[in-house]
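Visitor: One structure coming up, written as structure tokens, with questions to follow.
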Amino acid sequence: MHRRKLGSQGLEVSAIGLGCLSSPTSAAGQEEALTVSIIHRALDNGVTFFDTAEAYGPWENEKQVGKALKGVRDKIQIATKFGYNITPGGPRPYPSDSRPEQIRRVCDASLQRLGIETIDLLYQHRTDPNVPIEDVAGTVGELVQAGKVRFFGLCEASANTIRRAHAVHPVTAIESEYSLWTRDVEDGVLPTCRELGIGLVPFSPLGRGFLAGSATSLEELSPTDFRRNMPRWQGDALETNRNLAAALRRIAEARGYTPGQLVLAWLLHQHDQIVPIPATTRLHRVDENMAAADIILTTEDLAEIDRALPKTAWVGARYDARGMATLDKS
């Protein structure tokens, strides 16, 4: 597995990481066993960068990640997140809370669940409209000074928020949704990252499975699957997007790749500090996804992809209205 640098402060990770979202199995024991086996398969493929959050589960995924990575701490990098007030049986969606005291509390709790002494990359999960980003950056800076955190990151932050945070404490990475069908970051966030020397970590780089072909219709989704509420999975939008996904599949097959591999390779070619973190619940997908790090696309390849799949061709919003309201528009 090739390696890449995120930011200019010294964080080096595998070129592709692993998003450690919990699997949707109903039994907790089965979920943990699957999560651990997928993480171990990723390690076998040379992955060193693992992404979790207190909100995944909540709390349980950090425990699973910590268990799976026990004994290899000096070889890997762990990212986790704060930014919510999560209570047992409390409201969902989780209310934002990035007050300094809450950041410190969540950091300590995450360290305990992960079973580690230092978090390699600590993100704010979503911007908090009630807490100035300068206060957030300053608090994480204090945690860095205390040795509890190595590097600071933001998730789904606007270019303006990134600049304000970076002026207080260096931002190492931005985690945002980015793929061939979600290219909003190209309008402001990605140029800002290039200018300031900040890495970009795309989550859902396979379009939540749609671009990889693992789920392209509502019939393939369980009744409780959150993707059912996303406009791009609805009606005419879904049909348009399925036609575009078919074009992607033809381009990939002509080159001997799977659609998912082509999508990940395309992302890696957009900036030398991009590290996608595909998540999966299938062991064979780990091998497939990580092999994309070795793919080299030519200028002609990239041009063909852009002609067949322009950013404006995809139809439908990323989230429903409630989800869109959580995104930073400052």
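If you read the sequence shown in the working numbering, its first letter stands for residue -11, the second for the next number, and so on. Beta carbons: idealized from backbone N, C-alpha and C, even for Gly. Predicted model only: the values in this text are computed from it and were never measured.
Looking only at C-alpha atoms, which of Lys51, Asn148 and Arg171 sits nearest to Gly299?
Guide: As a working mapping, residue 299 is identified with position 311 in the sequence shown. One point to set straight first is that residue 299 is Lys, not Gly, in the sequence displayed. Lys299 has its Cα closest to that of Arg171, out of Lys51, Asn148 and Arg171.
Visitor: Going by C-alpha distance, which of Pro81, Tyr111, Tyr82 and Ala203 is nearest Cys95?
Guide: The sequence position of residue 95 within the sequence shown is 107, counting from 1. Of Pro81, Tyr111, Tyr82 and Ala203, the residue nearest in Cα terms is Tyr111.
Visitor: Just checking my contact of Trp254 with Trp169 at CB under 8 Å: how many whole Å lie between their CB atoms?
Guide: Within the sequence shown, residue 254 is the residue found at index 266, counting from 1. Within the sequence shown, residue 169 is the residue found at index 181, counting from 1. With a Cβ gap of about 11 Å, Trp254 and Trp169 do not count as contacting.
Visitor: Would you give the residue range spanned by the alpha helix (DSSP H) that Arg238 belongs to?
Guide: Position 250 of the sequence shown, counted from the start, is the residue given in the question as residue 238. That run of the alpha helix (DSSP H) goes Gly223 to Ala242.
Visitor: Whole angstroms is fine: what's the gap from Val35's alpha carbon to Phe140's?
Guide: Position 47 of the sequence shown, counted from the first residue, corresponds to residue 35. Position 152 of the sequence shown, counted from the first residue, corresponds to residue 140. Approximately 21 Å between the Cα atoms of the pair.
Visitor: Using a Cβ-Cβ cut-off of 6 Å (strictly less than) and excluding sequence neighbours within five positions of Phe70, which residues of its own chain qualify?
Guide: As a working mapping, residue 70 is identified with position 82 in the sequence shown. Scanning its chain for C-beta atoms nearer than 6 Å, with the 5 sequence neighbours on each side dropped, one finds around Phe70 the residues Ile91 and Val94, in chain order.
Visitor: Who are the near neighbours of Pro12 in its chain, counting only those whose CB is closer than 6 Å to its CB and skipping five residues on each side?
Guide: Against the sequence shown, residue 12 aligns to sequence position 24. Its pLDDT being 47, under 50, Pro12 is placed unreliably by the model, and the measurement read from it follows with that caveat. Taken in chain order, the list of residues that qualify is empty.
Visitor: When the Cα atoms are used, what is the spatial distance from Ser84 to Arg114?
Guide: What you label residue 84 is simply residue 96 of the sequence shown in a count that begins at 1. What you label residue 114 is simply residue 126 of the sequence shown in a count that begins at 1. For Ser84 and Arg114, the distance between alpha carbons rounds to 8 Å.
Visitor: With a cut-off of 9 Å, does the C-beta of Pro158 fall near any C-beta of chain B?
Guide: The structure shown contains no chain B; it holds only a single protein chain.
Visitor: Could you spell out where the alpha helix (DSSP H) holding Ile91 opens and where it closes?
Guide: Along the sequence shown, read from residue 1 onward, the residue named residue 91 stands at position 103. Here the alpha helix (DSSP H) through Ile91 covers Pro88 to Leu102.
Visitor: Taking Glu288 as part of the alpha helix (DSSP H), name the residues at either end of that continuous run.
Guide: Position 300 of the sequence shown, counting from 1, holds the residue named residue 288. Unbroken alpha helix (DSSP H) run through Glu288: Thr287 to Ala296.
Visitor: From which residue to which residue does the alpha helix (DSSP H) around Asp39 run?
Guide: By 1-based counting over the sequence shown, the position of residue 39 is 51. Per DSSP, Asp39 belongs to no alpha helix (DSSP H); it is in the beta strand (DSSP E), Phe37 to Asp39.
Visitor: Spatial neighbours of Ile239 within its chain, please: C-beta separation below 7 Å, excluding the five flanking residues on both sides.
Guide: Here residue 239 corresponds to residue number 251 of the sequence shown, with the count starting at 1. Once the five neighbours on either side are set aside, the close Cβ partners of Ile239 are Leu250, Glu292, Ile293 and Ala296.
Visitor: List the endpoints of the continuous alpha helix (DSSP H) containing Pro179.
Guide: As a first step, residue 179 is located in the sequence shown; it is residue number 191 there, counting from the start. Looking at the DSSP string, the run of the alpha helix (DSSP H) that includes Pro179 is Val177 to Leu184.
Visitor: How is Ile121 classed by DSSP in three states: helix, strand or coil?
Guide: For the purposes of this step, residue 121 is identified with residue 133 of the sequence shown, where counting begins at 1. Here DSSP, grouped into helix, strand and coil, assigns Ile121 to helix.
Visitor: Who are the near neighbours of Thr204 in its chain, counting only those whose CB is closer than 7 Å to its CB and skipping five residues on each side?
Guide: Counting from one through the sequence shown, the residue named residue 204 turns up at place 216. Hits under 7 Å: Phe198, Arg230 and Ala233.
Visitor: What does the alpha-carbon distance come out to for the pair Val156 and Ser(-4)?
Guide: For the purposes of this step, residue 156 is taken as the residue at position 168 of the sequence shown. For the purposes of this step, residue -4 is taken as the residue at position 8 of the sequence shown. Using only the alpha carbons, I get a separation of about 15 Å.
Visitor: Determine the closest residue to Gly244 out of Leu188, Ile283 and Thr160, with distance taken between C-alpha atoms.
Guide: Walking along the sequence shown from the start, residue 244 turns up at place 256. Considering only alpha carbons, the answer is Ile283.
Visitor: Go ahead and pull the three-state DSSP assignment for Glu46.
Guide: Along the sequence shown, read from residue 1 onward, the residue named residue 46 stands at position 58. For clarity, residue 46 is Pro in the given sequence; the question names Glu instead. Note: Pro46 maps to coil in three-state DSSP.
Visitor: If you reduce the DSSP assignment to three classes, tell me which class Val303 lands in.
Guide: To locate residue 303, count along the sequence shown from 1; it is residue 315. In the structure shown, Val303 sits in coil (DSSP, three-state: anything other than H, G, I, E or B).
Visitor: Verify whether the separation of the beta carbon atoms of Ala161 and Ile186 is less than 9 Å.
Guide: On the sequence shown, residue 161 is found 173 positions in, with the first residue counted as 1. On the sequence shown, residue 186 is found 198 positions in, with the first residue counted as 1. Result yes, Cβ atoms of Ala161 and Ile186 sit closer than 9 Å.
Visitor: Can you look up Val189 in the DSSP assignment and give me helix, strand or coil?
Guide: Within the sequence shown, numbered from 1, the residue matching residue 189 stands at position 201. Strand.
Visitor: Compare the beta carbon distance of Val53 and Ile74 with 9 Å and say whether it is the shorter of the two.
Guide: Working through the sequence shown from its first residue, we reach residue 53 at position 65. Working through the sequence shown from its first residue, we reach residue 74 at position 86. Contact: no.
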